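Colleague: Heads up, the first sequence is in the numbering used here, so the first residue is 8 and it goes up one at a time.
All C-beta atoms, glycine included, are put in the ideal place defined by N, C-alpha and C.
Remember, predicted model here, so these are calculated numbers, not experimental data.
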Amino acid sequence: MRVSKIETPEPFNLDYSLECGQVFHWKKIGEYWHGVLGNGAIKLRQIGEHLEFTGSSGVDWHDRIQNYFRFDDDLKSIARVISHDKFVSHALQKYRGLRILRQDPWECMLSYICATNTNIPQIERMLDNLCRTFGERMTFDAKEFYTFPSADTLAKASVASIRDCKAGYRAEFIKATANVIAKDVTIFDKIRTYTYGEAREELLRKFQQKKIFKGIGPKVADCVLLFSLDKLEALPIDVWILRTIVNQYARLFDKEFLSKLGHRGSLSFKDYDIISKTMRDYFGKYAGYAQEYIYHYARTLL
DNA sequence: AACCAGGTGAGGA
DNA sequence: TCCTCACATGGT
8 MRVSKIETPE PFNLDYSLEC GQVFHWKKIG EYWHGVLGNG AIKLRQIGEH LEFTGSSGVD
68 WHDRIQNYFR FDDDLKSIAR VISHDKFVSH ALQKYRGLRI LRQDPWECML SYICATNTNI
128 PQIERMLDNL CRTFGERMTF DAKEFYTFPS ADTLAKASVA SIRDCKAGYR AEFIKATANV
188 IAKDVTIFDK IRTYTYGEAR EELLRKFQQK KIFKGIGPKV ADCVLLFSLD KLEALPIDVW
248 ILRTIVNQYA RLFDKEFLSK LGHRGSLSFK DYDIISKTMR DYFGKYAGYA QEYIYHYART
308 LL
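1) Nearest-angstrom Cα distance between residue 114 and residue 178?
2) For residue 11 and residue 36, what's the separation of their Cα atoms in angstroms?
3) Would you list, in sequence order, the uninterrupted beta strand (DSSP E) runs of no fewer than 3 residues that lie entirely inside the region 24 to 84?
4) Can you look up residue 150 in the DSSP assignment and give me helix, strand or coil?
5) Rounding to the nearest angstrom, what Cα-Cα distance links residue 268 and residue 166 in this structure?
6) Taking buried to mean at least 16 other C-beta atoms within 10 Å of its own C-beta, is residue 84 buried or exposed?
7) Let me make sure I understand the geometry here. Which of 161, 140, 159 has the alpha-carbon closest to that of residue 152?
8) For the region 91 to 100 and the region 123 to 140, state whether three or more C-beta atom pairs, one from each stretch, are separated by less than 8 Å.
9) According to DSSP, residue 144 sits in a beta bridge with which residue or residues?
10) What residue does the beta strand (DSSP E) around residue 12 start on, and which one ends it?
11) Would you say residue 222 and residue 61 are within 8 Å of each other, going by their C-beta atoms?
12) Tell me the start and end of each unbroken alpha helix (DSSP H) in the region 234 to 299 that is at least 4 residues and wholly inside, in chain order.
13) Compute the distance between the beta-carbons of residue 293 and residue 240, then report whether it is under 8 Å.
14) Measure the alpha-carbon distance for residue 298 versus residue 128 and round it to whole angstroms.
15) Please state the DSSP three-state secondary structure of residue 92.
16) Determine the direct distance from the alpha carbon of residue 121 to that of residue 207, and round the result to whole angstroms.
17) Using a Cβ distance threshold of 8 Å, determine whether the region 16 to 24 contacts the region 51 to 59, with at least three qualifying pairs required.
18) Does DSSP put residue 110 in a helix, in a strand, or in coil?
19) Taking the C-alpha atoms as reference points, what is the distance between residue 285 and residue 189?
20) Counting along the chain, where does the alpha helix (DSSP H) carrying residue 126 start and finish?
21) Go through its chain and collect everything with a Cβ distance to residue 265's Cβ below 7 Å, but skip five positions before and after it.
22) Let me check understanding here. Comparing Cα to Cα, which of 9, 184, 26 lies closest to residue 304?
23) Mind checking residue 273: buried by the 16 CB within 10 Å criterion, or exposed?
24) Alpha carbon to alpha carbon, what distance is there between residue 44 and residue 146?
25) Do you know whose CA, among 39, 94, 160, lies nearest residue 183's CA?
26) Please name the residue, chosen from 32, 280, 117, that lies closest to residue 158 on a Cα-to-Cα basis.
27) What does a CB cutoff of less than 7 Å around residue 306 pick up in its chain, not counting 5 residues either side in sequence?
28) Let me know the secondary structure DSSP gives residue 20 once reduced to three states.
29) Could you tell me which of 180, 90, 278, 73 sits nearest to residue 218, measuring between CA atoms?
Here it is as structure tokens:
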């Protein structure tokens, strides 16, 4: 269990990238982040322009880390494309080095199914319960870790046992979606090659009047596309983004459209599409990056 | 007690 | 096609 080092691209900030709300299963203990990536546990910290880490054996951690933290993104170029906007430009400076992650699609999908109509502490609890109940236990660095439950495992689990993880009414969505993924293991590889529009269509596609992915609406679909399937123009709209749009980007919309939104709790599919289209046109092909900076800024400062 | 939290599905207009 | 409301859970 030797300490390894890997050089980070410029800019990169580990804390911002893991804290900004795009992922739920990392824990910071002291100065080290602890987590599970696929079948391996790892702890890591950032020192200047390096990542220092130790991970469980049998894993090509260099490759996995570079892939997960999207070291392949040219963040400087991305920033140039979205920083024409004052608000985002400010957030880009404040959270310099925040990167979108490239999560495992199934993990991401399950996470965001759990993330509907609840709050972050409960999401973390739900996912932790699911991992402890259905994941594989391992010991690393004298600590306990659990892998994320596979779609196969959850497809075989009872709805009641998923509900016991405090998943509530989401338990049947999880089970139904796990069934679909377990039966079609190449589906994510396929979707990854699609354009954003095609990929989104596929995730939301209806099959004989019935959704094949239960629990996945426009927001969850955009999260999966952005955080795991390389669709950087995907712009998930949740309550925080909506609030910020109303406060900071009202100029991009009709007045009556915004006031209509005001006195309704959640977004209709139609209104979601209008806002999504407008914001993607405004920010361009890296709209998802803009979204994440706006989200983190809104969560921490507004 | 009522409302909110990284929304979505079912059912009716 | 579009809108309204219930929904498990836990905190305030």
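Modeller: With the structure as the only source:
1) Taking the straight line from one Cα to the other gives about 15 Å.
2) Residue 11 and residue 36: Cα-Cα distance of roughly 19 Å.
3) With a minimum length of 3 residues, the continuous beta strand (DSSP E) runs that stay inside the region 24 to 84 are 34 to 36, 39 to 44, 47 to 54, 57 to 62.
4) It is a strand residue.
5) Going by C-alpha positions, residue 268 is about 35 Å away from residue 166.
6) By the neighbour-count rule (16 or more Cβ atoms within 10 Å), residue 84 is not buried but exposed.
7) When C-alpha distances from residue 152 are compared across 161, 140, 159, the shortest belongs to 140.
8) Fewer than three beta-carbon pairs drawn from the region 91 to 100 and the region 123 to 140 are found closer than 8 Å, and the two stretches are therefore not classed as touching.
9) Paired residues: 153.
10) Residues 11 to 14.
11) With contacts defined as CB atoms closer than 8 Å, residue 222 and residue 61 fail to qualify as a contacting pair.
12) If we require 4 residues or more, the alpha helix (DSSP H) runs fully inside the region 234 to 299 come out as 246 to 255, 262 to 269, 276 to 290.
13) Note that the C-beta distance between residue 293 and residue 240 is below 8 Å.
14) The straight-line gap separating the alpha-carbon atoms of residue 298 and residue 128 is approximately 21 Å.
15) Coil.
16) For residue 207 and residue 121, the distance between alpha carbons rounds to 19 Å.
17) Three or more beta-carbon pairs drawn from the region 16 to 24 and the region 51 to 59 are found closer than 8 Å, and the two stretches are therefore classed as touching.
18) In the three-state reduction of the DSSP assignment, residue 110 falls in the coil class.
19) Those two C-alpha atoms are separated by around 36 Å.
20) For residue 126, no alpha helix (DSSP H) encloses it, and the DSSP letter there is neither H nor E.
21) By the criterion of a C-beta distance shorter than 7 Å, residue 265 is surrounded in its chain by 253, 257, once the five residues flanking it on both sides are discounted.
22) Taking residue 304 as reference, the option from 9, 184, 26 with the minimal CA-CA separation is 26.
23) Exposed, by the Cβ-count rule.
24) C-alpha separation (whole angstroms): 14 Å.
25) Comparing Cα positions, the closest option is 160.
26) Ranking 32, 280, 117 by Cα distance to residue 158 puts 117 first.
27) 28, 247, listed in sequence order.
28) It is coil, neither helix nor strand.
29) A check of alpha carbon separations from residue 218 across 180, 90, 278, 73 identifies 180 as the nearest.
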